[in-house]
Structures are given as C-alpha cells and as structure tokens.
Amino acid sequence: MSPEVVCVGETMVMLAPDDGGSLEHAARLTVGVGGAESNVAAGLARLGHRAAWVSRVGDDPFGRRVVAEVAAAGVDVSLVTVDPDAPTGLYLKDPGPGGTRVHYHRAGSAASRLGAADLARTGLAGARLLHLSGITAALSGACRDLLVSALDGRALPGARVSFDVNHRPALWPADRAGPVLRDLADRADVVLVGLDEAAVLWSADDPAAVRALLPGPELVVVKDGSVGATALPRTGPAVFVPALPVDVVEPVGAGDAFAAGFLSGLLRGLDLRACLRLGHLTAAPVLAVPGDTAPPPDSETIARALALPETMWTAQVRGGSGR
Numbered sequence: 001m002s003p004e005v006v007c008v009g010e011t012m013v014m015l016a017p018d019d020g021g022s023l024e025h026a027a028r029l030t031v032g033v034g035g036a037e038s039n040v041a042a043g044l045a046r047l048g049h050r051a052a053w054v055s056r057v058g059d060d061p062f063g064r065r066v067v068a069e070v071a072a073a074g075v076d077v078s079l080v081t082v083d084p085d086a087p088t089g090l091y092l093k094d095p096g097p098g099g100t101r102v103h104y105h106r107a108g109s110a111a112s113r114l115g116a117a118d119l120a121r122t123g124l125a126g127a128r129l130l131h132l133s134g135i136t137a138a139l140s141g142a143c144r145d146l147l148v149s150a151l152d153g154r155a156l157p158g159a160r161v162s163f164d165v166n167h168r169p170a171l172w173p174a175d176r177a178g179p180v181l182r183d184l185a186d187r188a189d190v191v192l193v194g195l196d197e198a199a200v201l202w203s204a205d206d207p208a209a210v211r212a213l214l215p216g217p218e219l220v221v222v223k224d225g226s227v228g229a230t231a232l233p234r235t236g237p238a239v240f241v242p243a244l245p246v247d248v249v250e251p252v253g254a255g256d257a258f259a260a261g262f263l264s265g266l267l268r269g270l271d272l273r274a275c276l277r278l279g280h281l282t283a284a285p286v287l288a289v290p291g292d293t294a295p296p297p298d299s300e301t302i303a304r305a306l307a308l309p310e311t312m313w314t315a316q317v318r319g320g321s322g323r
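Take the sequence shown: its position 52, counted from the start at 1, is 52 in UniProt numbering, and no numbers get skipped.
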C-alpha cells in the first residue's frame with residue numbers, strides 16, 4: 001500500500017551529556033536519533049497516517065540505528081538508501097545556562113547526497129502530501145535541486161507540498177538563508193514558519209507581514225511560541241488559536257510535532273481552527289520532555305479537545321500554568 005504522506009530529509013545520530021551538564025565536562029554521552037522530517041513522519045504515523053521517510057544514511061552502525069528507530073515509530077523506511085561511500089550525519093547537544101547549543105558533524109554526509117532521483121520512486125505514487133524542510137536546502141547543491149524539483153516539477157503528482165522553513169543558523173547565516181528560504185517557501189502549497197524565524201530571516205514582525213511576503217502558498221501558518229499560531233489562507237480570514245500552557249523542559253522537536261498535528265488535521269479535512277488545535281495538542285507533550293519526540297494524546301482526548309467550544313479552549317489556556 002502506498003504511503004499517504006512522504007517526508008524527505010536528513011536524520012542524524014544525536015549525542016548529549018547524560019547528566020544534562022555541559023558537553024565539555026561530560027563523562028558519558030547518551031545516544032539518540034533526531035531529524036526534523038522524520039520527526040514529522042513519526043508524528044503522523046502515531047496519529048494514524050501511513051507515513052514514509054525518504055533519505056540516505058551511511059553503511060555504518062549509526063545509519064542502521066537511525067533507520068531502526070524511525071521504523072520503530074511506525075514509519076515506512078523501505079525507500080531509504082544506504083550509501084556505502086558517505087557517513088551518517090552526527091550532531092551533539094551542549095546544554096548550558098543560556099540554552100542548548102548544537103554542534104553539527106554532517107558535512108559530506110550520506111544525506112547531503114540526496115537528489116531529485118530520490119523522489120522518482122514508483123513506491124511513492126498516490127501520496128496525498130509531500131513534506132519538505134528548509135534544512136535540506138542548506139546541506140548541498142544537490143539537496144537544494146531536490147527541493148526545487150519537488151516544488152516546481154511536483155515530483156509526486158496530485159500531492160500537496162508542505163514546507164517548514166526550519167532555519168538553522170548553525171548551517172547558514174540569515175543573510176544567505178533568507179532569500180533562498182523565502183523563494184522555496186513561496187512555491188509550496190502549505191508553509192509553516194516561526195514568527196521568530198521570520199523576523200530574523202525577513203524582518204517580518206507579525207503574521208500578516210509574513211503572509212504578504214509569501215503570496216504564493218494556499219496557506220501560511222505562523223507559529224508564535226507560547227502565544228499561539230495563526231493560519232492565513234490565500235483567501236478568507238486569518239485564524240488564531242492560542243497555545244496550551246506547558247511547563248517547558250526543552251523546546252527541540254515541538255515544532256515538528258506541531259507540524260505533524262496540523263498536517264494531520266488537513267489530511268482529515270478539518271477546518272483551520274481544528275488543525276491549529278491539533279498542532280498544539282501534539283506539540284505540548286514534546287515540550288514537556290527532554291527528547292525530540294513524545295507520543296501524542298490518545299484519540300479520545302484529541303476528539304474531546306477538538307470539540308470544545310471556543311470559550312472553553314480559551315479558558316483552558318488562561319487557566320494553565322503558562323510556559
């Protein structure tokens with residue numbers, strides 16, 4: 001059976017101090033797996049969708065671990081290529097008083113060799129959604145060509161294309177990334193972007209300004225952290241839904257969980273308000289744990305939350321502890 005959703009991008013092995021201290025003084029490191037696009041695929045799989053992840057990994061122990069962990073989340077990994085000549089990417093988390101810094105070791109990685117041919121697979125035919133991210137654009141010229149081909153050539157006929165801007169300053173500075181990411185985002189059908197990202201990349205300080213900079217997509221979603229998220233369709237009014245209160249442990253991965261929830265709502269045919277609520281519902285558990293992913297609420301909890309009258313959702317937000 002063909003996948004309903006296809007997510008494309010690099011997933012790496014992650015090393016972090018097991019005591020939560022600084023990397024410089026760590027005696028032991030824990031090993032995990034992290035990648036924005038595979039996080040979205042895993043989130044969609046947990047919400048009941050047939051999700052596939054397309055990428056490349058090295059023919060090494062880390063590559064095998066990456067594929068195994070993504071598959072364990074219920075994601076189809078049958079179209080992941082094992083590259084015998086390039087390694088699996090690696091990144092390290094370095095917690096500190098000012099927040100967690102990330103150090104990448106991914107130059108020349110197997111995933112940096114992704115190209116347009118990786119989407120020319122018969123096993124992807126019939127997908128309803130193709131999910132891409134701006135991280136891929138920073139990895140190599142071939143990766144950027146893949147994005148252009150997917151956005152302009154519509155590599156999966158009939159599939160909507162979603163694009164999460166996902167600017168990573170450690171990969172490329174805003175002055176170089178800004179024009180490229182704006183151009184790519186404007187070619188997608190659905191765009192997700194953080195207001196903080198848009199301010200740095202494009203000097204856009206509110207959702208309406210972001211929408212004005214991206215006239216092409218049918219829908220732009222602007223996330224504003226603990227405040228909430230706004231969906232701005234090409235025609236019709238903008239819709240804002242406040243975020244749920246959460247005592248934040250670590251924010252990494254919450255944006256991917258939000259994307260999975262929101263996109264799940266679109267695939268289910270929900271209205272924009274319900275899509276935004278589902279995004280918040282799936283992001284909240286990730287904010288409350290140290291890892292990059294967490295199981296979403298069960299289906300009954302989701303159904304009750306989506307059915308709440310607006311006054312009750314707002315009261316729930318106002319009555320929380322904040323984050």
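We put the CB at the ideal spot given by N, CA and C, even for glycine. What you are looking at is a predicted structure, and each value in this text was computed from that prediction instead of being measured.
Legend entry - Bounding residues of the beta strand (DSSP E) (the contiguous stretch that carries VAL239): Start at 1 with the first residue of the sequence shown, and residue 239 comes out as number 239. If you look at VAL239, you'll find it in the beta strand (DSSP E) that goes 239 to 242.
Inset, instruction - Would you mind working out which of LEU139, VAL241, ALA51 sits nearest PRO309, comparing C-alpha positions? - result: On the sequence shown, residue 309 is found 309 positions in, with the first residue counted as 1. The shortest Cα separation from PRO309 among LEU139, VAL241, ALA51 belongs to VAL241.
Legend entry - Buried versus exposed call for GLU197 [16 or more other C-beta atoms within 10 Å across all chains shown]: For this step, residue 197 is matched to residue 197 along the sequence shown. The residue in question, GLU197, is buried, as its Cβ has 16 or more Cβ neighbours within 10 Å.
Legend entry - Whole-Å CB distance - residue 325 paired with ASP186, under 8 Å assumed: Since the first residue shown for the chain is 1 and the last is 323, residue 325 is missing from the structure and cannot be characterised.
Inset, instruction - Flag this pair as touching only if the stretch 83 to 99 and the stretch 6 to 16 have three or more C-beta atom pairs under 8 Å; answer yes or no. - result: Yes, the stretch 83 to 99 is in contact with the stretch 6 to 16.
Legend entry - Boundaries of the alpha helix (DSSP H) in which VAL148 is found, first to last residue: Position 148 of the sequence shown, counting from 1, holds the residue named residue 148. Boundaries of the alpha helix (DSSP H) harbouring VAL148: 141 to 152, taken from the DSSP string.
Legend entry - Three-pair Cβ contact test at 8 Å for the stretch 286 to 298 versus the stretch 246 to 256: yes
Inset, instruction - Indicate whether the contact test is met: 3 or more Cβ pairs, each with one atom in the stretch 105 to 121 and one in the stretch 22 to 29, closer than 8 Å. - result: no
Legend entry - As assigned by DSSP and simplified to three states, the class of ALA229: For this step, residue 229 is matched to residue 229 along the sequence shown. Here ALA229 sits in strand by DSSP.
Inset, instruction - Just confirm the distance between the C-beta atoms of ALA174 and LEU130, as a whole number of angstroms; I'd bet it's less than 8 Å. - result: Residue mapping note: residue 174 aligns to position 174 of the sequence shown, counting from 1. Residue mapping note: residue 130 aligns to position 130 of the sequence shown, counting from 1. Wrong, their Cβ atoms sit about 26 Å apart, outside the cutoff.
Legend entry - Among GLY134, ALA41, LEU287, SER264, the one whose alpha carbon lies nearest that of residue 328: Nothing can be reported for residue 328, as the shown portion of the chain is limited to 1 through 323.
Inset, instruction - Can you give me the start and stop residues for the beta strand (DSSP E) that GLY194 sits inside? - result: To locate residue 194, count along the sequence shown from 1; it is residue 194. Its beta strand (DSSP E) spans residues 190 to 194.
Legend entry - Exposure of THR11, with buried meaning 16 or more beta-carbon neighbours within 10 Å: Residue numbering aside, residue 11 sits at position 11 when the sequence shown is read from its first letter. Buried, by the Cβ-count rule.
Inset, instruction - Count the CB pairs spanning the stretch 43 to 60 and the stretch 160 to 172 that are closer than 8 Å, and state whether there are at least three. - result: no
Inset, instruction - Inspect the CB distances between the stretch 72 to 81 and the stretch 161 to 168 and report whether three or more fall short of 8 Å. - result: no
Legend entry - Distance, GLU69 Cα to VAL33 Cα: Locating residue 33 in the sequence shown gives position 33, where the first residue counts as 1. Locating residue 69 in the sequence shown gives position 69, where the first residue counts as 1. Cα to Cα, VAL33 sits roughly 7 Å from GLU69.
Inset, instruction - Quick one: residues in its chain with C-beta nearer than 6 Å to the C-beta of SER112, no 5 flanking neighbours on either side, listed in chain order? - result: Taking the sequence shown and counting its residues from 1, the one referred to as residue 112 is at position 112. Answer for SER112: LEU139, SER140, listed in chain order.
Legend entry - PRO207 - DSSP class collapsed to helix/strand/coil: The residue given as residue 207 occupies position 207 in the sequence shown. PRO207: helix per DSSP, three-state reduction.
Legend entry - CA-to-CA distance, SER226 to ARG99, given in whole angstroms: Counting from one through the sequence shown, the residue named residue 99 turns up at place 99. Counting from one through the sequence shown, the residue named residue 226 turns up at place 226. At residue 99 the sequence reads Gly, which differs from the Arg that was named. Rounded to whole angstroms, GLY99 to SER226 spans 17 Å at the Cα level.
Inset, instruction - Could you tell me whether the Cβ atoms of VAL180 and ALA137 are closer together than 7 Å? - result: For this step, residue 180 is matched to residue 180 along the sequence shown. For this step, residue 137 is matched to residue 137 along the sequence shown. Yes, they are a contact pair.
Legend entry - Per DSSP, the bridge partner or partners of ALA16: Within the sequence shown, the letter at position 16 stands for residue 16. In the DSSP output, where bridge partners are listed per residue, ALA16 has THR30.
Legend entry - Rounded separation between PRO84 and ARG56 - CA only: On the sequence shown, residue 84 is found 84 positions in, with the first residue counted as 1. On the sequence shown, residue 56 is found 56 positions in, with the first residue counted as 1. Those two C-alpha atoms are separated by around 10 Å.
Legend entry - Per-residue DSSP class, three states only, for LEU270: Locating residue 270 in the sequence shown gives position 270, where the first residue counts as 1. Three-state result, LEU270: coil.
Inset, instruction - Output the distance between the C-alpha atoms of SER264 and GLU300, rounded to the nearest integer angstrom. - result: Taking the sequence shown and counting its residues from 1, one reaches residue 264 at position 264. Taking the sequence shown and counting its residues from 1, one reaches residue 300 at position 300. Taking the straight line joining both Cα atoms gives about 16 Å.
Legend entry - Straight-line Cα distance separating VAL5 from ARG53: Working through the sequence shown from its first residue, we reach residue 53 at position 53. Working through the sequence shown from its first residue, we reach residue 5 at position 5. Per the sequence presented here, residue 53 reads as Trp, with Arg not at that position. Cα to Cα, the separation comes out at about 9 Å.
Legend entry - Best match in ALA260, VAL40, ASP298, ALA274 for proximity to LEU306 [C-alpha to C-alpha]: The residue labelled residue 306 in the question sits at position 306 within the sequence shown. Nearest C-alpha to LEU306: ALA274.
Inset, instruction - Just mark GLU37 as buried or exposed, buried being the case when its beta carbon has 16 or more other beta carbons within 10 Å. - result: Taking the sequence shown and counting its residues from 1, one reaches residue 37 at position 37. GLU37 should be labelled buried.
Legend entry - Bridge partners - ARG56, DSSP secondary structure assignment: Within the sequence shown, numbered from 1, the residue matching residue 56 stands at position 56. In DSSP, ARG56 forms a bridge with THR81.
Inset, instruction - Go through its chain and collect everything with a Cβ distance to LEU219's Cβ below 6 Å, but skip five positions before and after it. - result: In the sequence shown, counting from the first residue as 1, residue 219 sits at position 219. Once the five neighbours on either side are set aside, the close Cβ partners of LEU219 are VAL190, PRO233.
Legend entry - Nearest neighbour of ALA73, chosen from VAL102, VAL40, PHE62, LEU90 [CA to CA]: Stepping through the sequence shown from its first residue, residue 73 is reached at position 73. Answer by Cα proximity: VAL40.
Inset, instruction - Determine the DSSP secondary structure at LEU129, reduced to helix, strand or coil. - result: What you label residue 129 is simply residue 129 of the sequence shown in a count that begins at 1. Here LEU129 sits in strand by DSSP.
Inset, instruction - Determine the contact status of ALA260 and GLY43, defining contact as a CB-CB distance below 7 Å. - result: Position 260 of the sequence shown, counted from the first residue, corresponds to residue 260. Position 43 of the sequence shown, counted from the first residue, corresponds to residue 43. Taking 7 Å as the Cβ cut-off, ALA260 and GLY43 qualify as a contacting pair.
Legend entry - Segment limits, beta strand (DSSP E) that includes LEU92: Against the sequence shown, residue 92 aligns to sequence position 92. Looking at the DSSP string, the run of the beta strand (DSSP E) that includes LEU92 is 90 to 94.
Legend entry - Where residue 349 falls: helix, strand or coil (DSSP): Outside the displayed range of the chain (1 to 323) lies residue 349, so it cannot be described from this structure.
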